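Position 561 of the sequence shown, counted from 1, bears residue number 560 in numbering that gives the first Met the number 0, the numbering being contiguous throughout. Every residue gets a Cβ at the ideal spot worked out from N, C-alpha and C, and that includes glycine. Keep in mind the model is a prediction, meaning the values are calculated, not measured. Inspection log for the structure reproduced underneath, given as structure tokens.
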Amino acid sequence: MALGIGVPSDLAIAQAAVPLPIAAIADQLGILPDELEPYGRYKAKVELAVRDRVKDRPLGKYVVVTAITPTPLGEGKTTTTIGLAQALNKIGKRTTVNIRQPSLGPVFGIKGGAAGGGYSQVIPMEDINLHLTGDNHAVSVSHNLMSAFIDNHLHHGNELGIDPLTITWKRVLDISDRALRDIVVGLGGVANGIPRESGFDIATASEIMAILALTTSLKDMQERLGRMVFARGRDGRPLTARDLKVDGSLAVLMKDAIKPNLLQTLENTPAFIHAGPFGNIAHGNSSIIADDMALRLGDFCVTEAGFGADLGLEKFVDIKCRASGLRADAAVVVCTIRALKSHSGRFRIVAGRPLDKRLAEENPAAVADGIGNLVKQIENVRAFGLPAVVAINRFPTDHPSELDLVKQTAEQAGAFAVVEADHWARGGAGAVELAEAVVAATKAPNEFHFLYPVEAPVKEKIETIATRIYGAAGVRYLPAAEAMIKRLDEQGYAGLPICMAKTHLSLSDDPALKGRPTGFTVTVRDIRLSAGAGFIYPLLGEMMTMPGLPSHPAGEQVGLDKNGRVVGLF
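Listed below in structure tokens is the structure:
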């Protein structure tokens with residue numbers, strides 16, 4: 000639902016809440032006092048020893064929440080994820096909600112907070128959207144330590160024979176800053192190192208962030224860190240963090256970050272917030288460790304996959320579930336009436352500017368013009384053998400004729416159920432019908448499967464995703480991508496899953512193509528290797544790995560009041 004006159008902001012709602020001590024939340028899950036590492040009164044890290052203690056327990060039901068292709072309006076996917084978990088608890092299912100930690104880039108840029116909204120939030124909201132327990136900073140420091148090791152190695156004689164022109168390891172910063180996309184390091188004379196071109200990515204695009212989300216243990220994490228490839232030698236061989244002798248230091252810096260963070264919702268539902276890889280650049284899912292822990296400790300784990308089903312859900316299945324061995328039981332596809340209207344192409348919507356008033360007018364024809372996107376995303380869920388429950392995130396401006404059209408169309412497209420939800424305004428009580436539909440879906444026949452065999456050729460995997468999930472007519476490869484595919488084959492990395500980096504604003508690689516475009520060709524500009532994380536990621540179209548700030552960043556509204564409390568944060 001949208002904010003109305005007299006309705007508190009998300010931050011005001013969160014700050015008015017009276018949370019339980021985090022030890023009480025841990026006790027709900029059966030986490031022992033010596034397995035909890037408090038960070039203040041309302042958040043804590045959970046020791047990995049919990050997983051060993053409960054490893055023989057049966058798994059709970061695994062529910063993933065995805066959505067239609069996002070619009071600047073926001074579809075409320077995180078809010079729905081949290082509201083659903085609260086509702087499952089209301090109907091007697093011991094449930095944990097597992098979401099990612101947001102990046103400071105979007106928080107102070109264009110998106111705002113990412114801890115839910117209204118009466119379906121995880122708290123403390125300010126901590127989640129800012130530093131939390133320091134995991135994102137650990138990723139940044141670790142990544143940049145490796146960057147420093149690389150340039151230091153070049154400066155001190157280059158014993159490994161690094162070819163500077165092949166270095167792919169940039170630096171990272173958890174702030175959107177377009178001015179740092181391309182830089183030159185080593186200027187100022189011999190004492191300052193070897194001059195070379197480089198740049199910055201946003202921290203959530205770091206391979207170390209992807210490793211944090213995909214690792215299964217401390218030992219596995221250190222091995223993955225050691226496998227990260229940063230350049231080629233002059234003889235053409237791939238060079239790794241282990242060759243640079245930095246993998247041990249990276250593991251030391253990440254040894255606390257690997258522990259999941261435990262928090263709670265406004266209704267005291269346990270919440271794990273752990274790792275934050277972007278869904279349009281990286282694989283867009285929270286950590287395997289947190290999910291595995293939650294599935295052993297409760298009846299249900301509700302997690303979220305970044306952006307639309309064409310991005311986060313595909314990567315959830317083909318990358319995350321392939322790495323974890325876990326299998327989803329059902330998927331929820333979130334949509335809103337106004338977002339479907341925006342996919343019609345009839346309205347110009349710019350983030351941060353007043354909405355077109357026509358979006359609130361009854362217009363089933365506009366919904367019909369944009370509803371192809373929902374149909375395709377339902378098809379995408381079913382492509383993995385999962386039942387799809389469509390959640391219509393209700394707004395006061397929705398009209399019965401529009402809601403009826405969505406229900407009818409979604410059911411015809413094969414949705415297991417289509418449910419209206421009012422969790423923004425009513426918390427878990429507003430998503431009870433959704434929770435009941437999800438419970439039924441998890442009992443339905445499930446033919447969960449991957450989209451492609453991992454051993455298939457690189458081009459075959461890329462083209463399978465592009466044609467079956469995006470609906471592309473074909474794929475075009477630029478010379479840099481062709482050269483990298485050949486190199487991946489030669490170096491033995493071709494058998495890794497694919498992590499597409501593309502715009503989240505369209506099923507295609509062109510953000511201007513709304514709804515359900517057809518007949519388009521996807522362009523693979525370049526391909527990068529994340530050997531430690533365990534995937535190959537093609538860069539599609541004009542996709543950037545360091546976002547920029549909008550003309551009026553969200554950070555303009557953020558500050559402290561006279562009592563030192565945060566204001567203006569979403």
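Worksheet item: Is V331 closer than 8 angstroms to V62 when the C-beta atoms are compared?
Response: yes
Discussion item. Once the 5 residues before and after I336 are set aside, which same chain residues still bring their CB inside 8 angstroms of it?
Written reply: Exclusion of the five residues before and after I336 leaves V366, I391, F394, T396, D397, H398, E401, L402 and V405 as the residues of its chain whose Cβ lies within less than 8 angstroms of its Cβ.
Fill in: C-alpha distance - H503 paired with P510, whole-angstrom precision
7 angstroms
Fill in: Per-residue burial, A482 [other beta carbons within 10 Å of its own, 16 or more giving buried]
By the neighbour-count rule (16 or more Cβ atoms within 10 Å), A482 is not buried but exposed.
Item to complete: Going by CA-CA distance only, name the one from G494, Y469, P386 and E446 that's closest to A455.
Response: G494
Fill in: Status (buried if at least 16 other CB within 10 Å, exposed otherwise) for R223
buried
Worksheet item: Straight-line CA distance for G344 to T544?
Response: So the alpha carbons of these two residues sit roughly 27 angstroms apart.
Fill in: DSSP beta-bridge partners of K60
F299
Discussion item. Let me check understanding here. Comparing Cα to Cα, which of N151, I174 and G426 lies closest to N135?
Written reply: I174
Item to complete: Kindly confirm or deny that the segment 18-30 and the segment 251-265 touch, where touching means at least three C-beta pairs closer than 8 angstroms.
Response: yes
Discussion item. Measuring only the C-alpha atoms, how far is K218 from G225?
Written reply: Whole-angstrom Cα-Cα distance: 11 angstroms.
Worksheet item: Residue range of the beta strand (DSSP E) that R524 falls in?
Response: T520 to S529
Worksheet item: Just to confirm, are V184 and D150 a CB contact at a threshold of 8 angstroms?
Response: Yes.
Worksheet item: Taking the C-alpha atoms as reference points, what is the distance between R352 and V49?
Response: Rounded to the nearest angstrom, the two C-alpha atoms are 47 angstroms apart.
Worksheet item: Are T203 and S102 close, meaning C-beta to C-beta below 8 angstroms?
Response: It is a contact, given that the beta carbons lie within the stated cut-off.
Worksheet item: What's the gap between the Cα of K89 and the Cα of A439?
Response: 16 angstroms
Fill in: Check: T268 C-beta below 7 angstroms from any heavy atom of the ligand ATP
Looking at this structure, you won't find the ligand ATP or any other ligand, since it has none at all.
Worksheet entry | Cβ-based neighbour list, E34, same chain, cut-off 7 angstroms, excluding 5 preceding and 5 following | V45, E46, A48 and V49
Discussion item. DSSP three-state label for K561, please.
Written reply: Assignment of K561 by DSSP, reduced to helix, strand and coil, places it in the coil class.
Practice prompt. Report the option in P105, G59 and L310 whose CA atom is closest to the CA atom of A500.
Written response: Among P105, G59 and L310, the Cα nearest to that of A500 is on L310.
Discussion item. Quick test of the definition: if touching needs 3 or more C-beta pairs under 8 angstroms, does the segment 472-479 touch the segment 313-329?
Written reply: Here the segment 472-479 makes no contact with the segment 313-329; the two share fewer than three CB pairs at distances below 8 angstroms.
Worksheet item: In terms of residue numbering, what span does the beta strand (DSSP E) encompassing R475 cover?
Response: G473 to Y476
Worksheet item: Near D525, what residues of its chain come up, given a Cβ to Cβ distance below 6 angstroms and the 5 sequence neighbours on each side ignored?
Response: A479, A480 and L538
Practice prompt. Specify, as a first and last residue, the run of the beta strand (DSSP E) that V316 falls within.
Written response: Careful: V316 lies outside any beta strand (DSSP E) and carries neither H nor E.
Worksheet item: Can you give the Cα-Cα distance for G297 and I484, rounded to whole angstroms?
Response: 43 angstroms
Worksheet item: Any idea which residues DSSP pairs G116 with across the strands?
Response: S119
Worksheet entry | Contact under 8 angstroms by Cβ, D242 with K60 | No, the pair does not count as a contact, with Cβ atoms beyond the cut-off.
Discussion item. Let me confirm a value: D560 is counted as buried when at least 16 other C-beta atoms fall within 10 Å, else exposed. Which label applies?
Written reply: Exposed is the call here.
Practice prompt. Report the three-state DSSP secondary structure of S197 (helix, strand or coil).
Written response: strand
Fill in: Paired residues, beta bridge with N97 - DSSP
F271 and T302
Practice prompt. Buried or exposed for N562, please, with buried defined as at least 16 other CB atoms from any protein chain shown within 10 angstroms of its CB.
Written response: exposed
Practice prompt. Take E36 as the anchor and find which of K54, A256 and P69 has the nearest alpha-carbon.
Written response: A256
Worksheet item: Expressed to the nearest angstrom, what Euclidean distance is found between the alpha-carbon atoms of A359 and G235?
Response: 59 angstroms
Discussion item. On the DSSP letters alone, give me the boundaries of the alpha helix (DSSP H) that L213 sits inside.
Written reply: For L213, the enclosing alpha helix (DSSP H) covers residues E206 to L213.
Worksheet entry | Whole-angstrom distance between G188 and G533, CA atom to CA atom | 38 angstroms
Worksheet item: Which runs of the beta strand (DSSP E) spanning at least 3 residues fall entirely within the segment 362-392, listed in chain order?
Response: Within the segment 362-392, the complete beta strand (DSSP E) runs of at least 3 residues are 387-392.
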